[in-house]
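K.L.:
Protein chains: 2
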Amino acid sequence: MGFPLDSDPAGAGDIATEAWGLLVPLVYPPRFLEIAREFGVTPPILGAIRSLDQPRTMGEMAELLSCDPSNVTGIVDALEAKGLAERRPSEVDRRVKAVVLTRKGGRLRERAMAAMRKPPAWLEGLSEGDQRTLRDVLRRARA
Amino acid sequence: MGFPLDSDPAGAGDIATEAWGLLVPLVYPPRFLEIAREFGVTPPILGAIRSLDQPRTMGEMAELLSCDPSNVTGIVDALEAKGLAERRPSEVDRRVKAVVLTRKGGRLRERAMAAMRKPPAWLEGLSEGDQRTLRDVLRRARA
DNA sequence: TATTGTTATACTCTATAACTATA
DNA sequence: TATAGTTATAGAGTATAACAATA
Chain A
0 MGFPLDSDPA GAGDIATEAW GLLVPLVYPP RFLEIAREFG VTPPILGAIR SLDQPRTMGE
60 MAELLSCDPS NVTGIVDALE AKGLAERRPS EVDRRVKAVV LTRKGGRLRE RAMAAMRKPP
120 AWLEGLSEGD QRTLRDVLRR ARA
Chain B
0 MGFPLDSDPA GAGDIATEAW GLLVPLVYPP RFLEIAREFG VTPPILGAIR SLDQPRTMGE
60 MAELLSCDPS NVTGIVDALE AKGLAERRPS EVDRRVKAVV LTRKGGRLRE RAMAAMRKPP
120 AWLEGLSEGD QRTLRDVLRR ARA
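Chains as they are written, first to last, in numbering that gives the first Met the number 0: chain A, 0 to 142; chain B, 0 to 142.
Set out below in structure tokens:
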């Protein structure tokens, strides 16, 4: 949501609060939703594609997507209907199904992941010095 | 989604890409969803509460929430059912209804907005120098 | 006639519970 | 009996179209 509502009176809080207030409109709403639209898939389907860096069982997908296994059935149905993935019954345990991307699905995945990795315009617009500074601060934040 | 999947081989891209890769897991999934859960409301309802910094007509709310006006009916129904807001028919144009927070709704709004303004732990954990550096870089990003 | 908000309806996303087919 | 996946079902969130009240 791009809200013009919750502007702090500016300077009311501390430095961290001000930094957070600056960061929020730069990262929300999430790129993920926009990329899903660009690629003509729903967010759950894009999430599923993202999870298929390698063949995954339905159960593994449910785990990675933090959703109930019953949902994965429908999501993989949609992937199959779009020709993006296939179910492959396991040969060792016939209860299990592996989901694998088709070539078309793999190509879409590569392009979509590249879009997700690509920094947004506000970041690319920073000077190289500022980019480096930001990277270094975020490295320390992660630690 | 907290994904262990799309780790760049580390160093494959430029500085901006690396900075973005560090930032993404720090800001997604959005705090907004977590705060909605904490306060016992759904995300659309929290969005509506956020929009009610002042009395708003149903149409204004639809605009601010980027959703169809028909949805606002149900959302405001839910706000009324929870005792958080009330419809006030306009006296000048009886088609129009203003939505205003109750005292209870106003209190919830204050606390929820404070939670949204509060910087996440990773940011509060930075040294004051790093916080200041980050703020300054983000100020330049916004410009 | 045009506008504000509501209702009717439909589709997607999500979860729980019951079911199947294997193990 | 236990497990992997599916189906049945229900509820929330969203949209479009038709409608009622008012302008």
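Just so you know, even glycine gets a beta-carbon here, dropped at the ideal spot from N, CA and C.
Using a Cβ distance threshold of 8 Å, determine whether the stretch 114-123 of chain A contacts the stretch 98-106 of chain A, with at least three qualifying pairs required.
P.N.:
The answer is no - the stretch 98-106 of chain A does not touch the stretch 114-123 of chain A, with fewer than three Cβ pairs under 8 Å.
K.L.:
From this set, S89/B, R30/B, E62/B, which residue's C-alpha is nearest V23/A's C-alpha?
P.N.:
When only C-alpha atoms are compared, the closest one is R30/B.
K.L.:
Going by DSSP in three states, A18/A sits in which element: helix, strand or coil?
P.N.:
Of the three classes helix, strand and coil, the one that applies to A18/A here is helix, per DSSP.
K.L.:
Assuming contact is defined by CB atoms lying nearer than 8 Å, are G46/B and L21/B in contact in what I supplied?
P.N.:
Their beta carbons are not under 8 Å apart, which means G46/B does not touch L21/B by this criterion.
K.L.:
Which residue marks the beginning of the beta strand (DSSP E) containing V98/B, and which one marks its end?
P.N.:
Looking at the DSSP string, the run of the beta strand (DSSP E) that includes V98/B is 96-100.
K.L.:
Could you tell me if L32/B is buried or exposed, where buried requires 16 or more neighbouring beta carbons within 10 angstroms of its beta carbon?
P.N.:
Exposed is the call here.
K.L.:
I need the straight-line Cα distance from A61/A to R94/A, nearest angstrom please.
P.N.:
Taking the straight line from one Cα to the other gives about 16 Å.
K.L.:
Evaluate P28/A with the Cβ neighbour count: other Cβ atoms within 10 Å of its Cβ, from every protein chain shown; 16 or more gives buried, anything less gives exposed.
P.N.:
By the neighbour-count rule (16 or more Cβ atoms within 10 Å), P28/A is not buried but exposed.
K.L.:
Under the assumption that T56/B contacts K96/B (Cβ atoms under 8 Å), give the Cβ distance between them as a whole number of angstroms.
P.N.:
Sure, about 7 Å apart at Cβ, within 8 Å.
K.L.:
At a CB distance below 9 Å, what residues from the stretch 16-43 of chain A approach chain B? Give them in sequence order.
P.N.:
Of all residues in the stretch 16-43 of chain A, T16, E17, A18, W19, G20, L21, L22, V23, P24, L25, V26, Y27, P28, P29, R30, F31 have a Cβ within less than 9 Å of some Cβ in chain B.
K.L.:
For L51/B, which residues of its own chain have a beta-carbon under 6 Å away from its beta-carbon, when the five flanking residues on both sides are left out?
P.N.:
Same-chain partners within the cutoff: L100.
K.L.:
Which residues in chain B have a C-beta closer than 9 Å to the C-beta of L125/A? List them in chain order.
P.N.:
Under the 9 Å cutoff, chain B gives A15, A18, V136, R139, A140.
K.L.:
CA-CA distance, M0/A and F38/B?
P.N.:
Note on M0/A: pLDDT 39, under 50, position unreliable in the model; the coordinate value appears next. In a straight line, the C-alpha of M0/A is about 19 Å away from that of F38/B.
K.L.:
At which residues does the alpha helix (DSSP H) containing E62/B begin and terminate?
P.N.:
Its alpha helix (DSSP H) spans residues 57-64.
K.L.:
May I ask you to report which of helix, strand or coil DSSP gives R86/B?
P.N.:
Here R86/B sits in strand by DSSP.
K.L.:
What span of residues does the alpha helix (DSSP H) with Q130/B cover, start to end?
P.N.:
That run of the alpha helix (DSSP H) goes 127-141.
K.L.:
Between which residues of its own chain and P43/B is the CB-CB distance below 8 Å, once the five residues before and five after are set aside?
P.N.:
Hits under 8 Å: L64, C66, N70, I74.
K.L.:
For chain B, check one thing: does any of its Cβ atoms lie closer than 8 Å to the Cβ of R106/A?
P.N.:
Not an interface residue.
K.L.:
Could you work out which residues of chain A lie near D129/B, taking near to mean beta carbons separated by less than 7 Å?
P.N.:
Neighbours of D129/B on chain A, chain order: V136, R139.
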